[in-house]
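Enquirer:
Numbering (our numbering), first residue to last: 52 to 200.
#1: Taking DSSP as the reference, what is the three-state secondary structure of residue 129?
#2: Just mark residue 167 as buried or exposed, buried being the case when its beta carbon has 16 or more other beta carbons within 10 Å.
#3: How close, in whole Å, do the beta carbons of residue 105 and residue 79 come, if the pair is a contact with beta carbons under 8 Å?
#4: Per the DSSP calculation, residue 65 is bridged to which residue(s)?
#5: Kindly indicate the opening and closing residues of the alpha helix (DSSP H) around residue 120.
#6: Within the present structure, is the beta-carbon of residue 112 separated from the nearest heavy atom of the ligand MG by less than 6 Å?
#7: On the CB-based measure, 16 or more other CB atoms within 10 Å of its CB, does residue 194 come out buried or exposed?
#8: Would you call residue 162 buried or exposed, if buried means 16 or more other Cβ atoms sit within 10 Å of its Cβ?
#9: Answer with buried or exposed for residue 173, where buried requires no fewer than 16 other C-beta atoms within 10 angstroms of its C-beta.
#10: Give every residue of the same chain whose Cβ lies closer than 8 Å to the Cβ of residue 118, excluding the five residues on either side of it in the sequence, and list them in chain order.
#11: Looking only at its chain, what residues have a beta carbon closer than 7 Å to the beta carbon of residue 100, apart from the 5 residues adjacent to it on each side?
#12: Does the pairing of the stretch 59 to 75 with the stretch 137 to 154 give three or more beta-carbon distances under 8 Å?
#13: Just how far apart, CA to CA, sit residue 132 and residue 59?
#14: Between residue 145 and residue 130, what straight-line distance do the alpha-carbon atoms span, to the nearest angstrom?
#15: Does DSSP put residue 81 in a helix, a strand or coil?
#16: Taking residue 59 as part of the alpha helix (DSSP H), name the residues at either end of that continuous run.
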């Protein structure tokens, strides 16, 4: 079972089943089953951490209720690192929901996405190390100063 830990050191188990899909659809108007067919929905969720945390809360709501944790308390216990871990757990749980060939295909897609993200991170680190970003900032500042801004 997929899981993540928040900043209060609470472990949240993520499991997606038909009941979860229904609850998320009813409370957030997001159809988890449509996310995989419409990648833009996943991008929208990734780009809106507040909405993503709302979806997470609906998924883990039974656990939160048993711990007497409100949606606000849940959100306050999620920083960038916890959200990153929760995102990985969410994607893993979503893939696990699907059977057979579709599951295998989705696992390949997620693996490829992780590889791409790792390459992008490496390029950014290289640009930071070799001075490319410093030079771009200097050039932008010089251009702004020359134009009188």
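Backbone N, C-alpha and C fix where the C-beta goes; we use that ideal spot for every residue, glycine too.
Computed from a predicted structure; not experimentally measured.
Expert: The relevant details are as follows:
#1: coil
#2: exposed
#3: 6 Å
#4: 53
#5: Segment: none, residue 120 is in no alpha helix (DSSP H) and carries neither H nor E.
#6: You won't find the ligand MG in this model; it holds no ligand whatsoever.
#7: exposed
#8: exposed
#9: exposed
#10: 61
#11: 134
#12: yes
#13: 13 Å
#14: 22 Å
#15: coil
#16: Careful: residue 59 lies outside any alpha helix (DSSP H) and carries neither H nor E.
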